[in-house]
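Student:
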Amino acid sequence: MNPVNNTSSDQIFSAIQEEAAKRRKANEEAPGCKIHIGMATCGIASGALETKAAFEDALSQRGIEARIHTVGCIGHCYAEPYVIIDHPESGFPPIFYPDVTAGKAKMLTKLFLEEGDPRLEHILGATEENEMIPSVMEFPRFNLEKRVVMEKCGRIDPEDIYEYIAEGGYTALVNCLRRTPAEIIEEIQNSGLRGRGGAGFSTGRKWELARQTQQKDKFVICNADEGDPGAYMDRTLLESNPHQIIEGMIICAYATGARQALVYVRAEYPLAVKIVHTAIEQAKSLGLLGKGILGTAFDLEIEIFEGSGAFVCGEETALIRSIEGYRGMPRHRPPYPVEKGLWEKPTIINNVKTLASVPPIIENGAAWYREIGTENSPGTAIFSVVGNVTHPGLVEIPMGVSLRTLIFDICGGIPNKKAFKAVQIGGPSGGCLPEKFLDTPIDFDSLTAAGAMMGSGGMVVMDEDNCLVDVSRYFLDFTQKESCGKCTFCRIGSYHLLDTLERLTKGEGRETDLDQLQQLSEDIKNGSLCGLGKTAPNPVLTSLRYFKEDYIAHAEEKRCPGLTCRALIAFYIDLDKCARGCDACVGVCPTEAIFTTSNRKKGVDQSLCVKCGECVVACPPEYDAVEKVSPPGLAPIIERPPEPLAKKIVS
Amino acid sequence: MIADLSADEEKILNDVKIRLAKYGKERGQLIPILQMIQDKLAYLPHITMEMVAQHLDIPPSEVFGVATFYNQFRFNPPGRNPVKVCLGTACHVRGGDIILENFERKLEIKEGETTSDKEFSIERVACVGCCALAPVTLIGETVHGNMAPSKVEGLVMRVQIEKEMKEREKQKNESGQ
Ligand SMILES: Cc1cc2nc3c(=O)[nH]c(=O)nc-3n(C[C@H](O)[C@H](O)[C@H](O)COP(=O)(O)O)c2cc1C
Ligand code: FES
């Protein structure tokens, strides 16, 4: 399609922009203070709804005028529920408060909003540079990040399209409508953008292939299936700034000649579904979607398809099958979806983050994007860093930053003075890397070379108390259940792999197990059609390579060095440390495995103990009497004293 | 088969039938239809899948095959308070499976089952997106973060107490009338 005469589309959009600016100004100039509350799923899970209600109550009780502004997630999950209070009259800059419970909300309303005392002991920092209090930008968790995709997340209300537009949203689309599709694709190609869905295929090339096909009726699909059981950045983006993704989809459709688009989002993400739905309706009502977009001859409809929760449906051909109403089984490629996709029509499938990267690239130009990140992996990467780190959450960093910087500087390192053991990157398809890889730069090629992969962007940090055999077993348990069953190696091979790993974690390992794991893993890799089978053995292969001693300890000594595999550990109470008459552990034991010894100390009945570790937590730190050992034989045997006769008769 | 249905069940089926009629007959409607039924009934009774097969003019085995492929669909009714224990990666690393076991022990059912009084059911889910609060459990729609085995009993009790309170309230209201 050729660019249409666009003076009219510019005019239409200017009117929308004016309206957005007007609304923003009205909000800014409204009297009273502003309270921004993060309301994505993570915020709500941490109690943001209660916090909001508490603010509303306290405000109306005290008759204070303030605007509560619900925003998305800013990625600082450790601080949820967080609020930013902008109280200009107090003379303070906007302040970021972490962990604002309902009680704290009431306290802040009284002391800060009413009396002007910001209670500095509760703050994280100011969100602007100022002379009075330190700014959050002084923390590495803030200043080492580079926000391109998540730039507006947590700053705007995801359910109000005008807020996105007031922040410069949809200008990239207007800009594109002035250009030819070929020019747009050239820009994307020059930016070097690579798909963020895992494989890192060049987005510009994919679009160009789609543009060139002669067939009509093309589809754009936004892949928001996010099946990795430990990652949630796609969901956060959908919940915090849906319009950036929609804008990316519209640009993609315009450039490739598609007239229909779908967002394939997991049904397990009800809030994301709702927010995207609202966003589509709003875009339509402003003429940014639907028939004759902004007065041009370009039409596009976006629909939502709710995926039903199968990991393999994240794979593009399986995803297509499931939209068509079948079991989501991958098929052989080629033909690639850009030739034959949904309903046999050319289909461009891109990940959420890929599409959300498009508007900033168009706005700032390919050269700007190339400045960020590395030569072969330009741009930023978003990780959900979780597990044993001090500041977990979503982090957007330029490609090329080292794992060490990400884990130790940005996310605050390992809590509780434990040592770093491994980092698992890329979810079920990725791998576990040991300490010596901490200086690896994060980009597509370096991670693949190290044996892990960018994958979904899930990152789980593990301290010394984790067992790599157990982690492998966990991922295999997942992939084995999710294997669609089409390829024999994936279906049966993963079953045997899991079986072997389970035996190892139960202390029933055999001498031949390690070789068998290695061989079988390689066979599954070679004998599987789709990425699921090809990558399922990665967790096993990398941990076998870098943490072989863990496997040997399990197989030969029936010992779990990470003290994790429950069949291989035991808890006992050190009688020298246990305090006479203290009952702290007895109350928490879910199976009544703890008994009182003849000298009124405590012992653990190994036959009843389920090894939940509650007694360790309950034991007062000044005694610290509960010990955990592996193999279980190391625990001294303490006999339960015979029960008094009277009690026996009663029971 | 239909003859054995209670009046209530028949009403529900009629409702499904009316809704079905609003959907097209293309194969692509299958999953949205199944989602709609589960949304209404909280699970997919066998008979509704036969109705769907008839509607789309495909063998019931096809419908069943698709429904069982996806994790979202369930084939027995959940309890009034579905317990969903997160076993995503972060929760696993922080002992989610111990939480699951504790619920199983406390409620005396296994994962995927429902208590005989239909009050509780247990499911495992993968990452509910609050990994920073791991381990996480949902009861109904309420998220409980930083779970510990010793919190299990309290949570179950809380649900039971709330229910008793509601019942007492109801009785009071009724006797008051
Ligand atoms: C087992 C498997 C699971 C996948 N899951 C996802 C997913 O959850 N989200 C996603 O965007 N891509 C996923 N992919 C990759 C897609 O097949 C596809 O490459 C991607 O959506 C293309 O988008 P991109 O070019 O923007 O990366 C998965 C691939 C495989 C093999
Ligand atoms: S793994 Fe449980 S919430 Fe993410």
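Residue numbers (my numbering), protein chains in the order written: chain A, 10 to 660; chain B, 2 to 178. Note that CB positions come from ideal geometry on N, CA and C, so glycine has one too.
Count the other CB atoms, across all protein chains shown, that sit within 10 Å of the CB of residue 22 of chain B; report buried if there are 16 or more and exposed otherwise.
Tutor: Counting Cβ neighbours within 10 Å, residue 22 of chain B comes out exposed, since fewer than 16 surround it.
Student: Just checking my contact of residue 477 of chain A with residue 556 of chain A at CB under 8 Å: how many whole Å lie between their CB atoms?
Tutor: Correct: roughly 4 Å between the Cβ atoms.
Student: Please give the ranges of any alpha helix (DSSP H) in the segment 51–131 of chain B, keeping only runs that are unbroken, at least 4 residues long and fully inside the region.
Tutor: List check, alpha helix (DSSP H) in window: 61–70, 90–94, 97–108.
Student: Please list, in chain order, the residues of the segment 62–77 of chain B that have any C-beta partner in chain A closer than 8 Å.
Tutor: Going along the segment 62–77 of chain B in chain order, one finds 66, 67, 70, 71, 72, 73, 74 with a Cβ nearer than 8 Å to chain A.
Student: Answer yes or no: the CB of residue 135 of chain B versus the heavy atoms of ligand 2, is any distance below 7 Å?
Tutor: Because some heavy atom of ligand 2 lies under 7 Å away, the Cβ of residue 135 of chain B counts as near it: yes.
Student: Would you report the Cα separation of residue 45 of chain A and residue 200 of chain A, rounded to the nearest angstrom?
Tutor: About 34 Å.
Student: Which runs of the alpha helix (DSSP H) at least 4 residues long sit entirely within the segment 211–275 of chain A? Give them in chain order.
Tutor: Counting only runs of 4 or more, we get 212–221, 242–249, 251–265.
Student: Once you ignore the five residues that flank residue 53 of chain B on each side, which residues in its own chain have a CB closer than 6 Å to its CB?
Tutor: Result list for residue 53 of chain B: 34, 64, in chain order.
Student: Return no unless some Cβ of chain B is closer than 8 Å to the Cβ of residue 28 of chain A.
Tutor: Not closer than 8 Å to any Cβ of chain B, the Cβ of residue 28 of chain A fails to qualify, so no.
Student: Around the C-beta of residue 19 of chain B, are 16 or more other C-beta atoms found within 10 angstroms, so that it is buried, or is it exposed?
Tutor: Residue 19 of chain B is exposed by the Cβ-count criterion.
Student: When the cut-off is 8 Å and only beta carbons count, does residue 465 of chain A lie next to chain B?
Tutor: No - not a single Cβ of chain B is within 8 Å of the one on residue 465 of chain A.
Student: Assuming residue 269 of chain A and residue 310 of chain A make a contact with CB atoms under 8 Å, what is their CB distance in whole Å?
Tutor: Their Cβ separation, rounded to whole angstroms, is 6 Å, which keeps residue 269 of chain A and residue 310 of chain A in contact under 8 Å.
Student: Rounded to whole angstroms, what's the CA-CA distance from residue 11 of chain B to residue 336 of chain A? Just pull it up for me.
Tutor: The straight-line gap from Cα to Cα measures roughly 30 Å.
Student: Using a beta-carbon distance below 8 Å, is residue 654 of chain A in contact with chain B?
Tutor: In this prediction, residue 654 of chain A scores a pLDDT of 49, lower than 50, which makes its location untrustworthy; the coordinate-derived value is nonetheless stated afterwards. Not closer than 8 Å to any Cβ of chain B, the Cβ of residue 654 of chain A fails to qualify, so no.
Student: Going by DSSP in three states, residue 389 of chain A sits in which element: helix, strand or coil?
Tutor: Three-state result, residue 389 of chain A: strand.
Student: Residues of chain A with CB under 9 Å from residue 10 of chain B, in chain order?
Tutor: The contacting residues do not exist; residue 10 of chain B stays about 25 Å from chain A at best.
Student: Apart from the five residues just before and just after residue 50 of chain B, which ones in its own chain have a Cβ nearer than 7 Å to its Cβ?
Tutor: So the qualifying residues of the chain are 61, 64, 65, 68.
Student: What is the residue span of the beta strand (DSSP E) that residue 359 of chain A lies within?
Tutor: 356–360 is the span of the beta strand (DSSP E), which, as asked, contains residue 359 of chain A.
Student: Is the closest heavy atom of ligand 2 to the C-beta of residue 91 of chain B under 7 Å?
Tutor: Yes, since a heavy atom of ligand 2 falls inside the 7 Å radius drawn around the Cβ of residue 91 of chain B.
Student: Within the same chain, show all residues whose beta-carbon is closer than 7 Å to that of residue 500 of chain A, passing over the 5 residues directly before and after it, in chain order.
Tutor: Closer than 7 Å at the Cβ level, and outside the excluded window around residue 500 of chain A, lie 492, 494.
Student: Closer than 9 Å between beta carbons: that is the criterion. Which residues of the segment 304–334 of chain A meet it against chain B?
Tutor: Here the close residues are 314, 315, 316, 317, 318, 319, 320, 322, 331, 332, 333, 334.
Student: In the segment 47–67 of chain A, which residues sit with their C-beta less than 7 Å from some C-beta in chain B, listed in chain order?
Tutor: Listed by position along the chain: 50, 51, 54, 55.
Student: Closer than 9 Å by beta-carbon distance: list the chain A residues that pair up with residue 54 of chain B, in chain order.
Tutor: What residue 54 of chain B touches in chain A: nothing, since even the nearest Cβ is about 12 Å away.
Student: Tell me, please, which residues DSSP counts as bridged to residue 580 of chain A.
Tutor: Partner(s): A:637.
Student: In or out: residue 94 of chain A buried (at least 16 other Cβ within 10 Å) or exposed?
Tutor: With 16 or more other Cβ atoms within 10 Å, it is buried.
Student: What separation, rounded to the nearest whole angstrom, lies between the Cα atoms of residue 586 of chain A and residue 634 of chain A?
Tutor: When rounded, the distance between both Cα atoms is 5 Å.
Student: Does any C-beta atom of chain A lie closer than 8 Å to the C-beta of residue 103 of chain B?
Tutor: Chain A, which has a Cβ nearer than 8 Å to the Cβ of residue 103 of chain B, makes this yes.
Student: Mind listing which residues of the segment 73–90 of chain A have their C-beta closer than 8 Å to chain B's C-betas, in chain order?
Tutor: Per Cβ criterion, the list reads 86, 87, 89.
Student: Measure the alpha-carbon distance for residue 280 of chain A versus residue 127 of chain A and round it to whole angstroms.
Tutor: Each residue's alpha carbon lies about 33 Å from the other.
Student: If you draw a straight line from the C-alpha of residue 519 of chain A to the C-alpha of residue 559 of chain A, how long is it?
Tutor: C-alpha separation (whole angstroms): 14 Å.
Student: Select from the segment 143–158 of chain B all residues with a C-beta closer than 8 Å to any C-beta belonging to chain A, and list them in chain order.
Tutor: So the close ones are 144, 146, 149, 150, 151, 153, 154.
Student: Name, going along the chain, the residues of the segment 114–138 of chain B whose beta-carbon falls closer than 8 Å to a beta-carbon of chain A.
Tutor: Answer set for the segment 114–138 of chain B: 126, 127, 128, 129, 130, 131, 132, 133, 134, 135, 137.
Student: Any beta carbon of chain A sitting closer than 8 Å to that of residue 99 of chain B?
Tutor: Cβ-Cβ to chain A under 8 Å: yes for residue 99 of chain B.
Student: Give me the Cα-Cα distance between residue 385 of chain A and residue 373 of chain A, rounded to the nearest whole angstrom.
Tutor: Approximately 19 Å between the Cα atoms of the pair.
Student: Quick test of your reading: residue 383 of chain A and residue 452 of chain A, contact by CB under 8 Å. State the CB separation rounded to the nearest angstrom.
Tutor: Their Cβ separation, rounded to whole angstroms, is 5 Å, which keeps residue 383 of chain A and residue 452 of chain A in contact under 8 Å.
Student: Return the bridge partner residues of residue 143 of chain A from the DSSP annotation.
Tutor: None; residue 143 of chain A has no bridge partner.
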